[in-house]
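Okay, so here's the structure we're looking at.
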Amino acid sequence: MAKKPIALIFQENQEEHMAVKRSDGRKYNELRKMTAKIGVVPNADGSALFAFGDTIAIAAVYGPRKLHPQHMQNPSTGILRVNYDLLSFSVYDRKRPGPSRRSQEISKVTEWALLPALDLESFPNEVIDVQIYILQADAGTRTAGINAASMALAHAGIPMKDLVCSVAAGKLDKELVIDVTKEEEDFEKGEGATDFAIAKLANSDEFSLLQMDGKIQPEKVKEIIKLGSESCKEIYETQKIALKSIVEVSDE
Amino acid sequence: MSSMETTNLTKRTLERMFSEGKRFDSRGLLELRDIKIEYNVSKKAEGSARVIIGKTEVIAGVKLQLGEPYPDSPDKGNLMVSGDLLPLASPRFESGPPGFNAVELPRLVDRAIRESGMIDLSKLVLEKGEKVWTIIIDIYPINDDGNLIDAANIAAIVALKNTFFPEIIEGKINYEKKTSKKLPLSEEITPISFSFFKLGDSIILDPTRETKKRTKLLFPQKI
Chain A
40 MAKKPIALIF
50 QENQEEHMAV
60 KRSDGRKYNE
70 LRKMTAKIGV
80 VPNADGSALF
90 AFGDTIAIAA
100 VYGPRKLHPQ
110 HMQNPSTGIL
120 RVNYDLLSFS
130 VYDRKRPGPS
140 RRSQEISKVT
150 EWALLPALDL
160 ESFPNEVIDV
170 QIYILQADAG
180 TRTAGINAAS
190 MALAHAGIPM
200 KDLVCSVAAG
210 KLDKELVIDV
220 TKEEEDFEKG
230 EGATDFAIAK
240 LANSDEFSLL
250 QMDGKIQPEK
260 VKEIIKLGSE
270 SCKEIYETQK
280 IALKSIVEVS
290 DE
Chain B
144 MSSMETTNLT
154 KRTLERMFSE
164 GKRFDSRGLL
174 ELRDIKIEYN
184 VSKKAEGSAR
194 VIIGKTEVIA
204 GVKLQLGEPY
214 PDSPDKGNLM
224 VSGDLLPLAS
234 PRFESGPPGF
244 NAVELPRLVD
254 RAIRESGMID
264 LSKLVLEKGE
274 KVWTIIIDIY
284 PINDDGNLID
294 AANIAAIVAL
304 KNTFFPEIIE
314 GKINYEKKTS
324 KKLPLSEEIT
334 PISFSFFKLG
344 DSIILDPTRE
354 TKKRTKLLFP
364 QKI
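Protein chains in written order, with this note's numbering: chain A, 40 to 291; chain B, 144 to 366.
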């Protein structure tokens, strides 16, 4: 990788809180600018775009539809199938086309993150396909993908208990921050960077994704989850506004 | 339902309407839908573009890499066009190994760009036989409502025209910094494809998905 500009500057002799200054000037609990849009793929039964700053995810939902091959069908419930991938040019070092180990892992955890919000019992033998593609990547792609997919599922009219909201919290040296960028993910000073992806059902304390890269003190885990949960409320509002906007347009 | 095939009845109706010079969306037989073009839609690519024709949407991105030239052209840069029919874009596209259509699309775009001589590949050489630029164009449909090939072609061309070289530090690419240098593109040559389709005795341009299903591709035309 090429040389990085100085991502974060230590501010010495400052108050204990926020010894780390974020390069984009955000507060520790401030999300990047969110963009949420419904209906970006007219062919799909439901679709949405969700962006955290420069990270842009699009999701399309097809189904419920009959699952083939037949032996994969489940007569007691519908099945959720998620596919996540990066578009080749969405990252600096071009990603080879086709599924990678990374994309397979993220597809699976995204599926697990969305499933608790869905009620698929009324769709026996059927499948709901969720396709997530990252148009532009600047860290937090899986969380942006989950937010987009959750909106797309709602747009497709799939019975849901709740929307799923997701965000990557992080720890830069000793400071907890929300919604880390790629630049922050590569932070190396002090204790280094920790990336903590969270997904939860919006109106409950049910978490459906907790993934961590890096190190963190056990007592800080609760704090980081609380920080993530607070941000999920903002994400939920953004998702709701986008979903409501298409209803209002068709009402007029 | 979006996944429904067009019926024989639709085919007969189309045939009749075409013979009268009419189309479902009241266009003329050789009239295109409105085309919307945006560029720089993905910042991490060296160049990118989005083309929307009616409800068809295609995104193309250009990445530049340093590599070795092919043995049979040591004094030329490399060009690669790839792409996939994402299952995102249509209920008809499936995951897995690419089918014929997924292979055909980037192939046609590749030939239009390569054979037209739009890019002067000989100007992409850093050290003859050793180090050249490789241009990789990736094309992805976001929504397929017919005429993907022409949309893909425009997207690839616009992305190329909007491509800037990244900075090179000590022989390595620094993708984070783009220079103001553009690709060595011809001023005169711009390959644009027009795909003509045939049904009965009628020839039409820019079919929607429904129409395309029932017509036959004649040949892609270049200028």
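Glycine is no exception: its CB is placed at the ideal position from the N, C-alpha and C atoms. These figures come from a predicted structure and were not determined experimentally.
Own chain residues within Cβ distance below 8 angstroms of residue i, not counting five before or after
i         : result
Lys-355/B : Gly-289, Asn-290, Phe-340
Ile-285/A : Ile-77, Gly-78, His-194
Pro-350/B : Gly-289, Asn-290, Phe-340, Thr-358
Glu-291/A : Because the pLDDT of Glu-291/A is 47, which lies under 50, any placement of that residue in the model is unreliable, and the question is left without a value.
Selection from the options that minimises the alpha carbon distance to residue i
i         : options                                    : result
Asn-122/A : Asp-225/A, Glu-144/A, Lys-213/A            : Glu-144/A
Leu-266/A : Tyr-67/A, Ser-62/A, Lys-60/A, Val-59/A     : Tyr-67/A
Lys-272/A : Lys-60/A, Asp-63/A, Glu-69/A               : Glu-69/A
Leu-282/A : Arg-61/A, Gln-112/A, Gly-196/A             : Gly-196/A
Arg-159/B : Arg-352/B, Glu-353/B, Gly-343/B            : Gly-343/B
Leu-251/B : Lys-198/B, Ser-338/B, Leu-229/B            : Ser-338/B
Lys-261/A : Arg-104/A, Val-100/A, Asp-218/A, Ala-208/A : Ala-208/A
Lys-325/B : Glu-313/B, Phe-308/B, Ile-180/B, Asn-317/B : Phe-308/B
Leu-348/B : Arg-155/B, Ser-329/B, Asp-177/B, Glu-258/B : Asp-177/B
Ser-127/A : Tyr-172/A, Gly-102/A, Ala-99/A, Leu-248/A  : Tyr-172/A
Gln-208/B : Glu-319/B, Trp-276/B, Asn-286/B, Ile-332/B : Trp-276/B
Lys-266/B : Glu-237/B, Asn-221/B, Arg-166/B, Asn-317/B : Asn-221/B
Gly-179/A : Trp-151/A, Ile-237/A, Thr-277/A, Pro-103/A : Ile-237/A
Leu-264/B : Lys-219/B, Leu-152/B, Gly-314/B            : Lys-219/B
Contacting residues, own chain, Cβ-Cβ under 6 angstroms from residue i (five flanking each side not counted)
i         : result
Ala-41/A  : At Ala-41/A the pLDDT is 44, less than 50, meaning the model places this residue with poor confidence; the figure from the coordinates comes in the next sentence. So no residue of the chain qualifies.
Glu-51/A  : Note that Glu-51/A has pLDDT 40, beneath the 50 cutoff, so the model's placement of it is unreliable and the number below is only indicative. Same-chain partners within the cutoff: there are none.
Val-201/B : Val-194, Pro-284, Ala-294, Ala-295, Ala-298
Met-223/B : Ile-279
Tyr-182/B : Ala-192, Val-301, Asn-305
Ala-46/A  : The predicted position of Ala-46/A is uncertain, since its pLDDT is 42 and thus under 50; a value taken from the coordinates is nonetheless stated next. So the qualifying residues of the chain are Ser-62, Glu-222, Phe-226.
Phe-89/A  : Ala-75, Ala-96, Ala-183, Asn-186, Ala-187
Ser-268/A : none
Ser-146/B : Because Ser-146/B carries a pLDDT of 40, less than 50, the predicted location of this residue cannot be relied on, and no value is offered for it.
Phe-49/A  : Low confidence applies here, because Phe-49/A scores a pLDDT of 45, under 50, leaving its location unreliable and the question unanswered by this model.
Chain A residues whose Cβ lies nearer than 7 angstroms to that of residue i
i         : result
Ile-347/B : Chain A residues near Ile-347/B: none, gap ~21 angstroms exceeds 7 angstroms.
Lys-198/B : Pro-81
Asp-253/B : Within chain A, no residue comes near Asp-253/B; the closest Cβ sits about 15 angstroms away, beyond 7 angstroms.
Pro-350/B : None at all; the shortest Cβ gap to chain A is about 16 angstroms.
Ser-191/B : Phe-128
Pro-234/B : Asn-82, Tyr-101
Spatial neighbours of residue i in its chain, beta-carbon cut-off 7 angstroms, leaving aside the 5 residues before and after
i         : result
Tyr-275/A : Leu-202, Cys-204, Ala-241
Ala-403/B : No answer is possible for residue 403/B: it lies beyond the span of chain B, which begins at 144 and ends at 366.
Pro-44/A  : Low confidence applies here, because Pro-44/A scores a pLDDT of 42, under 50, leaving its location unreliable; read the following figure in that light. Within the same chain, Pro-44/A has no close Cβ partners at all.
Asp-227/B : Pro-241, Ala-245, Tyr-283
Glu-54/A  : Residue placement at Glu-54/A is poorly supported in this model, since its pLDDT is 43, which falls under 50; the coordinates still yield a value, given next. No residues qualify anywhere along the chain.
Phe-161/B : Leu-172, Leu-342, Gly-343, Ser-345, Ile-347
Asp-177/A : Gly-92, Asp-93, Thr-94, Thr-220, Lys-221
Met-144/B : Note that Met-144/B has pLDDT 33, beneath the 50 cutoff, so the model's placement of it is unreliable and the number below is only indicative. Nothing meets the Cβ criterion.
Ser-129/A : Ile-173, Leu-174, Gln-175, Ala-176
Neighbour list for residue i in chain B, Cβ cutoff strictly below 7 angstroms
i         : result
Asn-68/A  : Near Asn-68/A there are no residues of chain B at all, since even the closest Cβ is about 26 angstroms away, more than 7 angstroms.
Gln-175/A : Ser-185, Lys-186, Lys-187
Ala-99/A  : Leu-231
Asp-93/A  : Lys-186
Proximal chain B residues relative to residue i, where beta-carbon distance stays under 9 angstroms
i         : result
Val-59/A  : None at all; the shortest Cβ gap to chain B is about 21 angstroms.
Pro-257/A : The contacting residues do not exist; Pro-257/A stays about 36 angstroms from chain B at best.
Presumed contact (8 angstroms Cβ cut-off) between residue i and residue j, rounded CB distance
i         : j         : result
Leu-172/B : Ile-346/B : 7 angstroms
Asp-93/A  : Lys-321/B : So it is not a contact: roughly 15 angstroms between Cβ atoms.
Val-205/B : Ser-191/B : 7 angstroms
Ile-97/A  : Leu-174/A : 6 angstroms
Arg-272/B : Pro-212/B : Before going further, note that residue 272/B is Gly rather than Arg in the sequence given. The Cβ separation is near 6 angstroms, so the contact holds.
Val-80/A  : Leu-231/B : 6 angstroms
Leu-215/A : Lys-259/A : 7 angstroms
Met-111/A : Leu-157/A : Not a contact, Cβ separation roughly 18 angstroms.
Leu-328/B : Gln-170/A : Rounded, the Cβ-Cβ distance is 34 angstroms, inconsistent with contact.
Interface partners of residue i on chain B, CB under 8 angstroms
i         : result
Tyr-172/A : Leu-229, Leu-231, Tyr-283
Asn-122/A : Pro-230, Ser-238
Pro-155/A : Ordered by position in chain B, no residue passes the 8 angstroms Cβ test against Pro-155/A, which lies about 24 angstroms from the chain.
Contact set between residue i and chain A, taken where Cβ atoms lie within less than 9 angstroms
i         : result
Ile-279/B : Ser-127, Phe-128, Arg-133
Contacts that residue i makes with chain A (C-beta to C-beta distance below 8 angstroms)
i         : result
Gly-204/B : Leu-126, Ser-127, Phe-128, Ser-129
Asp-287/B : Asn-82
Ser-225/B : Ser-127, Pro-136
Segment contact, 8 angstroms Cβ cut-off, at least three pairs: the region 154-170 of chain A with the region 115-131 of chain A: yes
Segment contact, 8 angstroms Cβ cut-off, at least three pairs: the region 78-95 of chain A with the region 222-238 of chain A: no
Segment contact flag, the region 249-265 of chain A with the region 165-174 of chain A, C-beta cutoff 8 angstroms, min 3 pairs: no
Cβ contact (3+ pairs, closer than 8 angstroms) linking the region 221-228 of chain A and the region 180-198 of chain A: no
Three or more C-beta pairs below 8 angstroms linking the region 146-153 of chain A and the region 300-312 of chain B: no
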